[in-house]
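**Q** Chains as they are written, first to last, in the numbering used here: chain U, 1 to 148; chain D, 1001 to 1148.
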DNA sequence: TATTGTTATACTCTATAACTATA
DNA sequence: TATAGTTATAGAGTATAACAATA
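So, in structure tokens, the structure goes:
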């Protein structure tokens, strides 16, 4: 169990895991705080962000978020009740339903995005512009090849 | 509303925000999956990880996680019921309660940490060793000065 | 009086299973 | 028969408020 015992992975890989995980928790805390300040849960803010520039079927939205379609029904129910989203039957498929933002929803997600950027600025300013670009590049490569 | 309209922040800062947020959601998804594979919620796994090498009072644990103490009571109740944690009255302060892991809890968190590292390895392998070190350094600086 | 923790309550998030309607 | 979505149900996570015990 000692840190110097043999491992499957190189030691510095473990430290990178820790850095990634701790950074992610810090980012999630910031997002959760911004969401709460706008009377949203983190999941609701995420739904609004995904729908900011497109309309999606319930199943596509659920897949995007990694949630069950029944979970999606509840999320959209509550957002619709608050006037942030709407549903319409799909014209292509009588079974399907498209979800999209109302103007109130679009306004809220725009404010949310701006608040998130403001909230993360103090963190990002710990790095120089060059380092910020380098970090962005490394993260994009970690996520997968950027939109080919 | 156009992407090229004037902003408070430099354009590339917005892209770094997106990269940080998207990376964080990807990491959280991996952590949530690992937790679920071990019959834990993400929060439970996090509690176990925090207590892996220390014992903390309920309030300290709640502060660590950014949760209310009443939320902490429920989380510890359920973990205790599963034999992963224990509570004992503090010797220093008759009002306080110390929380700590059982041996089953320590075993589970060790497996969880290993699973997380394995789960993130494919992502990290998209970068060279040098890049991994650079990324780790940048993230640690983003989080704040590393333990002085 | 202030602090530590628990309990009561309510709401959101989440999944599973059963169901309806359409393909 | 298979797919899209909703509803019913249950449990976890979360916060607020009220409470007991201790400092």
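Just so you know, even glycine gets a beta-carbon here, dropped at the ideal spot from N, CA and C.
Give the secondary structure of residue 1084(D) by DSSP, where H, G and I count as helix, E and B as strand, and everything else as coil.
**A** Taking the first residue of the second chain as 1, we reach residue 1084(D) at position 84. Coil.
**Q** If you measure from the beta carbon of residue 1140(D) to each beta carbon in chain U, is any gap under 7 Å?
**A** By one-based count along the second chain, residue 1140(D) stands at place 140. With 7 Å as the cut-off, residue 1140(D) counts as an interface residue toward chain U.
**Q** Any residues in the region 60-71 of chain U with a beta carbon nearer than 9 Å to a beta carbon of chain D? Which ones, in chain order?
**A** If the cut-off is 9 Å between Cβ atoms, the region 60-71 of chain U has 66 near chain D.
**Q** Strictly under 7 Å for the Cβ-Cβ distance: is residue 17(U) near chain D by that measure?
**A** Position 17 of the first chain holds residue 17(U). Yes, contact with chain D.
**Q** Roughly how many whole angstroms lie between the Cα atoms of residue 105(U) and residue 1033(D)?
**A** As a working mapping, residue 105(U) is identified with position 105 in the first chain. As a working mapping, residue 1033(D) is identified with position 33 in the second chain. Cα to Cα, residue 105(U) sits roughly 30 Å from residue 1033(D).
**Q** Anything in chain U within Cβ reach of residue 1041(D), meaning under 9 Å, just list it in chain order.
**A** To locate residue 1041(D), count along the second chain from 1; it is residue 41. Those within 9 Å of residue 1041(D) in chain U number zero; the least Cβ separation is about 14 Å.
**Q** Using a cut-off of 8 Å between C-beta atoms, extract the partners of residue 132(U) located in chain D.
**A** Locating residue 132(U) in the first chain gives position 132, counting from the first residue. Within 8 Å Cβ-Cβ: 1012, 1013, 1016.
**Q** For residue 24(U), decide whether its Cβ has a neighbour in chain D, counting only Cβ atoms nearer than 7 Å.
**A** Taking the first chain and counting its residues from 1, one reaches residue 24(U) at position 24. Cβ-Cβ to chain D under 7 Å: yes for residue 24(U).
**Q** Listing by chain order, which chain U residues have their CB less than 8 Å from the CB of residue 1126(D)?
**A** Residue 1126(D) sits at position 126 when you count from the first residue of the second chain. Here the neighbours are 141, 142, 144.
**Q** Residues of chain U with CB under 7 Å from residue 1029(D), in chain order?
**A** Mapped onto the second chain, residue 1029(D) falls at position 29. Those are 66, listed as they occur along chain U.
**Q** Using the Cβ count rule (16 or more neighbours within 10 Å means buried), how would you classify residue 103(U)?
**A** As a first step, residue 103(U) must be located in the first chain, where it is residue number 103. Exposed, because fewer than 16 other Cβ atoms sit within 10 Å of the Cβ of residue 103(U).
**Q** For residue 1097(D), name the three-state secondary structure that DSSP assigns.
**A** Numbered from its first residue, the second chain carries residue 1097(D) at position 97. Strand, per DSSP.
**Q** Measuring only between beta-carbons, confirm whether residue 123(U) sits less than 7 Å from chain D.
**A** If you number the first chain from 1, residue 123(U) lands on position 123. Cβ-Cβ to chain D under 7 Å: yes for residue 123(U).
**Q** Can you tell me the Cα-Cα spacing of residue 976(D) and residue 126(U), whole angstroms?
**A** Outside the displayed range of chain D (1001 to 1148) lies residue 976(D), so it cannot be described from this structure.
**Q** Is residue 44(U) close to chain D? Criterion is C-beta to C-beta, closer than 7 Å.
**A** Indexing the first chain from 1 puts residue 44(U) at position 44. Taking Cβ atoms only, chain D never reaches closer than 7 Å to residue 44(U), which makes this a no.
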